[in-house]
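Chains as they are written, first to last, in the numbering used here: chain E, 1348 to 1700; chain U, 1348 to 1700. We put the beta carbon where it would ideally sit given N, CA and C, even for glycine.
#1: According to DSSP, is residue 1349 of chain U helix, strand or coil?
#2: Please name the residue, chosen from E/1540, E/1459, E/1472, E/1435, that lies closest to residue 1450 of chain E on a Cα-to-Cα basis.
#3: Leaving out the 5 sequence neighbours to the left and right, which residues in its chain are closer than 6 Å to residue 1432 of chain U when beta-carbon positions are compared?
#4: With a threshold of 8 Å on Cβ separation, who are the neighbours of residue 1429 of chain E within its own chain once the five nearest residues in sequence on each side are excluded?
#5: So the alpha helix (DSSP H) residue 1668 of chain U belongs to, where does it begin and stop?
#6: Output the distance between the C-alpha atoms of residue 1625 of chain U and residue 1669 of chain E, rounded to the nearest integer angstrom.
#7: Report back the beta-carbon spacing between residue 1617 of chain U and residue 1507 of chain U to the nearest angstrom; my notes put them in contact at under 8 Å.
#8: Hey, does residue 1404 of chain E have any beta-carbon neighbour from chain U nearer than 8 Å?
#9: Nearest to residue 1603 of chain E by CA position, among U/1381, U/1421, U/1642, U/1518, is which residue?
#10: Kindly say whether residue 1624 of chain E, judged by its beta-carbon, lies nearer than 8 Å to any beta-carbon of chain U.
#11: Is residue 1739 of chain U near residue 1515 of chain U, with beta carbons less than 8 Å apart?
#12: Between U/1693, U/1410, U/1374, which has its C-alpha nearest residue 1565 of chain U's C-alpha?
#13: Under the assumption that residue 1480 of chain E contacts residue 1462 of chain E (Cβ atoms under 8 Å), give the Cβ distance between them as a whole number of angstroms.
#14: Quick one: is residue 1580 of chain E near chain U, going by C-beta distance under 8 Å?
#15: Would you say the region 1568-1575 of chain E touches the region 1486-1501 of chain E, given that touching needs at least three Cβ pairs under 8 Å?
#16: From residue 1470 of chain U to residue 1425 of chain U, what distance separates their C-alpha atoms?
#17: How would you list, in chain order, the residues of chain E whose beta-carbon sits under 7 Å from the beta-carbon of residue 1645 of chain U?
#18: Quick one: using the 10 Å Cβ neighbour count with 16 as the cut-off for buried, is residue 1518 of chain E buried or exposed?
#19: Exposed or buried, what is residue 1546 of chain E when buried is set at 16 or more other beta-carbons lying within 10 Å of its beta-carbon?
#20: Checking contacts by CB at 8 Å: is residue 1523 of chain E closer than that to chain U?
#21: Leaving aside the five residues before and after residue 1606 of chain U along the sequence, list all residues of the same chain whose C-beta is less than 6 Å from its C-beta, in chain order.
#22: What are the start and end residues of the beta strand (DSSP E) that includes residue 1649 of chain U?
#23: Smallest Cα separation from residue 1612 of chain E: which of E/1391, E/1492, E/1644?
#24: Using the beta-carbon of each residue, which ones in chain E are nearer than 8 Å to residue 1649 of chain U?
#25: Does DSSP put residue 1518 of chain U in a helix, a strand or coil?
#26: For residue 1640 of chain E, return the contacting residues in chain U, with the cut-off set at a CB-CB distance below 8 Å.
#27: I want to see whether chain E comes within less than 8 Å of residue 1575 of chain U, judged by CB atoms only; does it?
#28: Identify the contact partners of residue 1596 of chain E in chain U, using a Cβ-Cβ distance below 9 Å as the criterion.
#29: Does DSSP put residue 1574 of chain E in a helix, a strand or coil?
#30: Out of U/1686, U/1637, U/1382, which one is the CA nearest neighbour of residue 1543 of chain U?
#31: Rounded C-beta distance between residue 1439 of chain E and residue 1541 of chain E? I'm assuming under 8 Å.
#32: Whose CA, out of E/1691, E/1413, E/1436, E/1412, lies closest to the CA of residue 1420 of chain E?
#33: Given a cut-off of 8 Å on the beta-carbon distance, is the pair residue 1681 of chain E and residue 1389 of chain E in contact?
#34: Determine, using beta carbons only, whether residue 1689 of chain U and residue 1444 of chain U come nearer to each other than 8 Å.
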């Protein structure tokens, strides 16, 4: 394994960061658990929780009994101790909540996708500009993947040369029936916004691009006709400003025989080598996560990096909020990702078969 | 492993096919060895060999000492015993040779790509129509891959339901310096014609499409500027007539640390399961070829099918020539593949960086 432990101090709780208090508002999606856990492990203090749905709050408190249940959002926004509000609300409600949070002087940390249409993007940009607050997004398919963090470090050290191609397969498992908002376009956006934004984020990051063009995109509902607005399949080709080419497929067709939510893969082609990530299982071999396969002129190395890298994102995010830096992820990057995701969805060929 | 031995009698020499004599003309590309070996193993008799370059002939005779060296192409075309001429000539010369062969009343069997521009395609179609002869093409990345043959059988038995997505990574190794024709557009066509045609063929075959649209395509010369006309990278997105979506990447960036010529992968997404092919090695694990991973609702199976499936193509091709059937591959399919490959190359975004 390459010696690539990124900022390891950021992967551990850092008490000397000082007290960093946050709240969880909007629990519709399970990502809120990962977001809160990550912040707490990096040293933050969870003070409040709120959701309109009391059953979601009750479920949340099982894992986070330290949180106090607020009577409403306002109560949290009026608490000067709170620096950050984390949310995995219904997607269409994330941007409105985020703007309200930022206008109250706090930073906002959203599950992806943090917004679902161009109007929301414009409004969020304006609010960020006016308030100087952060609109952070948890693109977990990279930020919560040690394999992906390791790949980023390898690339930054030049191990595979210049990254010219990124190919991502990001299948997901539907599981049982989901809440109605999950299937509706006006609440969930569409597959290229929802799980597509993850992939666009990875493309820009791994290729070092600030922006890209959409070469083509497509969405389909192949096998879930009972949900007429739902996309169960999407794909997109991207061309980065520096000439790197990307492609991703997102779908809801992970077979039940696969234990993980999906056999997520990333293939990075560099001028001097390649990297493959098997993020959530090594299919046909083991359920072990975070397999990384690096091929260069010297040879091939297959390694499981689970537990060896850590997730520096949360520590960096807390420090960014405290010191007004942008080391975890720049605001511009987030806006580029979402602009591209919206464009990919809006311009997608609809496969009607 | 699923019980999927396709037409196993076709994978063995079939003497009762009767004498089937062929010749090899044009040895510029090493594929000629695989083509001749496949035909001979399926029961054909190699009678003649010819190339302008005597050193290529000498090299060929080491492996096929039974072949007689012809003085020129005409000598072979005048031999009524010869039913088929196989060729891996310089790509730009394949179609002209093929037309000459068909006009002499024999079938033609070309390495891919069998032609490199629209004029050649039109002329070949006309000659096939006028002569009733076959213009067969050895799309070896499927036809010579037991993993791919097995996948085709699984699909035809409905193991993964309807195939909605095909994603192919087809990196290749450049090795040392190649002959000048390899780098020139007027002799080799371009990467989406050359190694792209393989991938388009697989997309149409695995999805059961007769035709498709090109959604987008791109080519680049990222790292071989000394060969100004050469594409070292290409990608293409396809939309099949039945709504299935395909994408492939082809490149010449296989790192030297990988023993095989490339870590060729095919990912098939069905409504009821997925199939992954690791054709030429199981990277980071072994150099064993033909790994197939099938996931369905019942579970995941990883199996090496090397030596268990056979390659029915050659036996079928011989029988097609004898009985004027089209079981190995239809002529229409070949023309669709090449029309799409030409369109992908002609319409490609050129990445100039």
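Let me lay it out:
#1: DSSP places residue 1349 of chain U in coil when its eight states are reduced to three.
#2: Ranking E/1540, E/1459, E/1472, E/1435 by Cα distance to residue 1450 of chain E puts E/1472 first.
#3: Excluding positions up to five away in sequence, the list reads 1370, 1372, 1448, 1453, 1455.
#4: A distance below 8 Å between beta-carbons, with the five flanking residues on each side excluded, links residue 1429 of chain E to the following residues of its chain, in chain order: 1368, 1369, 1370, 1394, 1395, 1423, 1453.
#5: Looking at the DSSP string, the run of the alpha helix (DSSP H) that includes residue 1668 of chain U is 1660-1670.
#6: Answer to the nearest angstrom: the Cα atoms are 48 Å apart.
#7: The Cβ separation is near 3 Å, so the contact holds.
#8: Among the CB atoms of chain U, none fall inside 8 Å of the CB of residue 1404 of chain E.
#9: Comparing Cα-Cα distances from residue 1603 of chain E to each of U/1381, U/1421, U/1642, U/1518, the minimum goes to U/1642.
#10: Answer no: the Cβ-Cβ gap between residue 1624 of chain E and chain U never drops below 8 Å.
#11: Look at the range of chain U in this structure, 1348 to 1700, and you will see that residue 1739 of chain U is not part of it.
#12: Residue U/1693 is the option with its Cα nearest to residue 1565 of chain U.
#13: No, residue 1480 of chain E and residue 1462 of chain E are not in contact; Cβ-Cβ is about 15 Å, not under 8 Å.
#14: Residue 1580 of chain E counts as touching chain U.
#15: Verdict: no, contact absent.
#16: Separation of residue 1470 of chain U and residue 1425 of chain U (C-alpha to C-alpha, rounded to the nearest whole angstrom) is 23 Å.
#17: Simply 1604.
#18: Only buried fits residue 1518 of chain E, as 16 or more other CB atoms lie within 10 angstroms of its CB.
#19: Buried.
#20: By this cut-off, residue 1523 of chain E is not an interface position.
#21: So the qualifying residues of the chain are 1634.
#22: Per DSSP, residue 1649 of chain U is one residue of the beta strand (DSSP E) stretching across 1646-1651.
#23: Considering only alpha carbons, the answer is E/1492.
#24: The contacting residues are 1630, 1631, 1632.
#25: In this structure, residue 1518 of chain U counts as strand in the three-state DSSP scheme.
#26: Near residue 1640 of chain E (Cβ distances below 8 Å), the residues of chain U are 1630, 1631.
#27: No, no contact with chain E.
#28: Neighbourhood of residue 1596 of chain E in chain U, by CB distance below 9 Å: 1512, 1514, 1592, 1594, 1614, 1616, in chain order.
#29: Looking at residue 1574 of chain E - three-state DSSP - the assignment turns out to be coil, as it is neither helix nor strand.
#30: For residue 1543 of chain U, the nearest C-alpha among the options comes from U/1686.
#31: With a Cβ gap of about 11 Å, residue 1439 of chain E and residue 1541 of chain E do not count as contacting.
#32: It is E/1436.
#33: For the pair residue 1681 of chain E and residue 1389 of chain E, the CB atoms are not nearer than the 8 Å cut-off.
#34: For the pair residue 1689 of chain U and residue 1444 of chain U, the CB atoms are not nearer than the 8 Å cut-off.
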